[in-house]
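*Asks:* To start, I am sharing the structure in question, which I have written as structure tokens.
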Amino acid sequence: MTGELYLEPQRASDAGRDLSLAGSQMVSLDSSTVASIAAASQGQPWGTDDIGAAFQKNYGPLLQQFTEAFGQIAGYVEALGDAAQKSVEDNMSADARSSETVIKSYKA
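The numbering of the sequence shown is full-length UniProt numbering, which starts it at 1 and goes up by one.
And the structure:
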């Protein structure tokens, strides 16, 4: 089944830009806030006694997974915004080319 694409180019492009900026801010958080949390956790402020060691045993791997996942997601969000903007440009260009083709075919 075919359908039509109803695109509000400026709105879609703005949304893509906003998404890309959100991803960029997430990358910044990953480089600052998340990195600060990871660095502070290396000192094991909860202690190294039996309870602290038990906490570290579970917390350490989860922190590693979180920091890796956060960094990847930040990059994905930024790339998704860039791709959305590119898609708007591609769709608008395709629409313009199609319009030119139709106009030329009527003139022939």
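Just so it is clear, CB atoms sit at the ideal spot from N, CA and C, and this is done for glycine as well.
In this text, all values refer to a predicted model and were calculated from it rather than measured experimentally.
For the 8 Å Cβ check, are there 3 or more pairs between the stretch 98-106 and the stretch 26-45?
*Replies:* no
*Asks:* Going along the chain, which residues of its own chain have a beta-carbon closer than 6 Å to the beta-carbon of residue 116, five neighbours each way excluded?
*Replies:* Shown here, the chain extends from 1 to 108; a query on residue 116 therefore has no answer.
*Asks:* Is the beta carbon of V88 less than 8 Å from the beta carbon of S13?
*Replies:* yes
*Asks:* Could you say if the stretch 20-30 and the stretch 52-72 meet the contact criterion of at least three C-beta pairs nearer than 8 Å?
*Replies:* yes
*Asks:* Please classify G23: is it buried, with 16 or more other beta-carbons within 10 angstroms of its beta-carbon, or exposed?
*Replies:* So G23 counts as buried.
*Asks:* Compare the beta carbon distance of residue 122 and N91 with 8 Å and say whether it is the shorter of the two.
*Replies:* No statement about residue 122 is possible, as the shown extent of the chain runs from 1 to 108 and does not include it.
*Asks:* Consult DSSP for L7 and reduce its assignment to one of helix, strand or coil.
*Replies:* coil
*Asks:* At a Cβ threshold of 8 Å, is D50 touching chain B?
*Replies:* Among the protein chains of the structure shown there is no chain B, as only one such chain exists.
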